[in-house]
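In the working numbering, the protein residues as written are 209 to 283.
Note that CB positions come from ideal geometry on N, CA and C, so glycine has one too.
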């Protein structure tokens, strides 16, 4: 019986549940924004490579351009 009482004491109020939900949402959104910005940065870096550098990594100028002009949220 003691464990049932302990379980009910751990229950969160609706307000606390909403707070936890908002925190999770903020973390997810900030993570997604960080990943989107990282994609944007790396695609711009790809566009700035010289033909010799692209050749070293096995990417053509056309492939680099195609990847570089994609929208940041386009995975």
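First through last residue of the alpha helix (DSSP H) which encompasses residue i
i: residue 269; result: 269-276
i: residue 228; result: 222-256
i: residue 264; result: 259-265
Residue environment, residue i, which counts as buried when at least 16 other CB atoms sit within 10 Å
i: residue 253; result: exposed
i: residue 272; result: buried
Closest by C-alpha distance to residue i, when choosing among the options
i: residue 269; options: 239, 238 and 258; result: 258
i: residue 280; options: 260, 240 and 229; result: 240
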